[in-house]
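Chains as they are written, first to last, in my numbering: chain W, 4 to 339; chain Y, 4 to 339.
Each residue gets a CB set at the ideal place from its N, CA and C atoms; glycine is no exception.
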């Protein structure tokens with residue numbers, strides 16, 4: 004049975020049946036012309052939208068439907084994390100190919116709602132339409148942040164240290180592994196042990212964990228002077244934060260947190276693991292800067308953090324290995 | 004020059020250059036990981052998303068880019084109107100075919116921002132990506148409404164009168180005219196006189212005017228017991244309002260506001276003009292119900308309104324001609 008065998012109302016019911024009861028701040032949920040919600044008290048609202056398009060952002064040949072749903076929400080939660088916002092609600096707009104099996108539709112919604120539940124995100128509305136081509140999953144999310152505590156790309160000052168959460172390059176390696184068809188079926192499932200390096204990398208690509216808690220803590224304890232997520236790679240993020248803040252950034256190559264197995268994967272393929280880790284997208288980690296005096300506040304962020312460089316008055320964005328300093332390679336561009 | 008010749012940043016700049024300065028309730032606008040806004044004071048927030056997909060909702064062969072941009076926002080403003088909300092902001096997510104000319108991109112944004120400006124809607128963010136297939140324009144809007152004043156589909160009671168704004172069927176006729184290639188070039192422009200009936204119908208299809216002011220007034224003066232927009236046709240709207248409210252609705256065929264020229268167009272094509280006007284989508288009018296005692300409050304809604312029927316305790320949804328009463332024909336479904 005495909006989605007084209009069901010009416011729009013039946014598909015909406017399949018989504019609704021997967022949602023928890025609405026919290027009391029939802030005055031009108033799914034099923035009217037629009038949703039009505041009570042804003043969070045004494046908070047600013049943080050809004051973002053991001054689309055996953057089949058053939059551009061994912062390949063259904065090796066991306067399980069649950070991962071498509073998970074990633075469509077995760078990329079948005081990562082943007083909220085980068086602002087330090089607490090996620091609140093989502094609107095889900097789907098353009099569905101007629102031949103999409105209902106089991107895939109259900110699994111996609113399950114992947115999205117499972118991640119939503121873990122972050123207390125309420126799906127309050129959306130839209131369903133047919134697509135004559137690719138599957139398109141467009142998600143809008145809204146979160147809340149205290150006034151003047153939103154983390155921006157602008158705000159870094161010369162002398163601030165530059166940090167990154169987690170590790171780099173594993174998602175890019177995972178995507179290569181999936182493309183090379185070397186990934187095990189096991190790794191494409193969200194749960195269960197991921198014993199091998201390839202299973203771990205594939206899972207990092209398919210089920211990224213947005214750094215929501217770290218972003219909220221960075222905002223609350225006023226530790227970060229600037230912040231951005233790595234959706235388009237570290238090189239891009241460093242360049243954007245530097246430009247928005249009017250500073251330069253010098254990254255220490257040796258400090259980059261790259262798993263030795265990930266290094267080995269890229270090296271075995273004849274790729275420079277540093278360039279791969281700098282320019283590979285899909286690492287939904289946070290890049291942030293902090294005044295050296297605030298280093299103590301950076302403990303207990305709920306994620307490993309690594310100091311990878313420093314902000315400079317000189318506006319160049321560079322990467323240093325020993326005493327050799329080179330321009331930062333260009334990042335991945337979603338568009339060109 | 005096509006959009007694929009430009010970077011994402013250059014395309015974003017082309018959008019930003021078309022926007023007015025942000026109002027002071029926008030703390031962070033386009034250009035960061037997410038937008039940050041101050042919620043409207045003492046209001047609930049009304050949120051909705053709607054996508055226009057090439058090949059499903061529009062045909063680029065006869066839909067000018069400005070009309071695509073206009074309609075993508077209009078369909079969303081119509082949903083806010085149906086809730087009685089005052090529009091506030093929009094997020095615009097675009098999936099762009101590589102071969103889309105930049106002039107078409109610009110015209111599409113111009114069409115959207117022109118309508119946004121007329122309704123004081125601020126574009127605070129969005130997303131740009133490539134599409135391997137159709138052009139997809141996904142717009143999320145947010146509006147504000149006083150607590151307990153949002154208009155719902157539920158709320159109609161037996162004995163309430165049923166009203167519709169404006170007139171029916173002209174947009175459906177306009178779409179037929181465009182498909183038949185009989186529409187003049189002049190009619191595809193938003194401005195300038197529209198002398199002929201075909202020009203007027205084509206314009207109704209291409210540049211629908213969402214009933215924002217009428218919706219807000221219906222909410223403020225507490226005149227309506229239920230409300231919904233006609234995006235999927237009157238038959239669908241009547242059926243939905245009746246189901247949500249737990250009443251029946253009897254529509255008087257002779258009362259339906261159909262332009263005589265529109266009647267003549269359908270009749271000349273061998274179609275029943277009543278069925279065409281009931282089931283044709285793209286009329287972004289409002290259907291609402293009101294207690295008979297509130298009829299006086301319905302003056303000065305900023306739109307022609309017509310009483311077309313009555314809510315009944317008996318749950319059937321019917322249409323009556325003289326003493327002959329038939330079931331309501333089924334409306335257009337976006338999905339099946």
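- Of the residues assessed, residue 53(Y) falls on the buried side of the cut-off, its CB having 16 or more other CB atoms within 10 angstroms.
- Between residue 228(Y) and residue 158(Y), the CB-CB gap stays under 7 Å.
- Of 136(Y), 222(Y), 208(Y) and 181(Y), the smallest CA-CA separation from residue 74(Y) is found for 208(Y).
- A direct Cα-Cα distance of roughly 12 Å separates residue 253(W) from residue 166(W).
- In this model, residue 282(W) and residue 6(Y) are separated by some 23 Å (Cα to Cα).
- Neighbours of residue 82(Y) across chain W, judged by C-beta separation under 7 Å: 36 and 37.
- Pairing residue 47(Y) with residue 40(W), the inter-Cα distance amounts to about 6 Å.
- A residue is called buried when at least 16 other Cβ atoms come within 10 angstroms of its Cβ; residue 57(Y) meets this threshold and is buried.
- Taking the beta carbon of residue 330(Y) as reference, no residue of chain W falls within 7 Å; the closest one sits roughly 18 Å away.
- Residue-level contact check: residue 45(W) does not touch chain Y, since none of the beta carbons of chain Y fall below 7 Å from its beta carbon.
- The beta carbon of residue 110(Y) lies closer than 8 Å to those of 67, 68, 69 and 72 in the same chain, with the five residues before and after it left out.
- Per DSSP, reduced to three states, the secondary structure at residue 149(Y) is coil, with no helix or strand assignment.
- Under the criterion of beta carbons closer than 8 Å, residue 230(Y) and residue 249(Y) do not qualify as touching, at roughly 16 Å.
- Assignment of residue 65(Y) by DSSP, reduced to helix, strand and coil, places it in the coil class.
- For residue 287(Y), the number of other beta carbons within 10 angstroms of its own is at least 16, and it is reported as buried.
- Residue 318(Y) does not reach chain W, its nearest Cβ partner there being about 17 Å away, counting only Cβ pairs nearer than 7 Å.
- Nearest neighbour of residue 184(Y) by Cα position, chosen from 296(Y), 319(Y), 38(Y) and 205(Y), turns out to be 205(Y).
- Proximity of residue 219(Y) to chain W, defined by a Cβ-Cβ separation below 7 Å, is not satisfied.
- A direct Cα-Cα distance of roughly 15 Å separates residue 108(Y) from residue 76(Y).
- Each residue's CA atom was taken as its position, placing residue 259(W) and residue 115(W) some 31 Å apart.
- For residue 175(W), no CB of chain Y lies under 7 Å from its own CB, so it is not counted at the interface with that chain.
- Uninterrupted alpha helix (DSSP H) stretches at least 4 residues long and entirely within the region 258 to 292 of chain Y occur at 263 to 271 and 276 to 282, given in chain order.
- Inclusion of residue 312(W) and residue 255(W) in the CB contact set at 7 Å is warranted, their separation being smaller than that value.
- Linking residue 174(Y) to residue 307(W) through their CA atoms gives a straight-line distance of about 58 Å.
- In the three-state reduction of the DSSP assignment, residue 106(Y) falls in the helix class, which pools H, G and I.
- Beta-carbon to beta-carbon, residue 210(W) and residue 257(W) are separated by about 30 Å, too far to satisfy the 8 Å threshold.
- When the alpha-carbon of residue 213(W) is set against those of 80(W), 224(W) and 4(W), the nearest one is in 80(W).
- Contact of residue 5(W) with chain Y is not assigned, every C-beta pair being separated by 7 Å or more.
- Rounded to whole angstroms, residue 172(W) and residue 60(W) show a C-alpha spacing of 17 Å.
- By the Cβ-count criterion, residue 93(Y) is buried, with 16 or more other Cβ atoms from all chains shown falling within 10 Å of its own Cβ.
- Annotation: Cβ neighbours of residue 94(W) in chain Y (cutoff 9 Å, chain order): 50, 51, 52 and 143.
- Taking a C-beta distance under 7 Å as the contact criterion, residue 247(W) and residue 320(W) do not qualify as a contact pair.
- A direct Cα-to-Cα measurement between residue 153(Y) and residue 35(W) gives close to 11 Å.
- The continuous stretches of beta strand (DSSP E) do not include residue 160(Y), and DSSP gives it neither H nor E.
- For residue 16(Y), same chain residues with a beta-carbon under 7 Å away, outside a window of 5 residues either side, do not exist.
- Taking a beta-carbon distance threshold of 7 Å, residue 231(Y) counts as an interface residue toward chain W.
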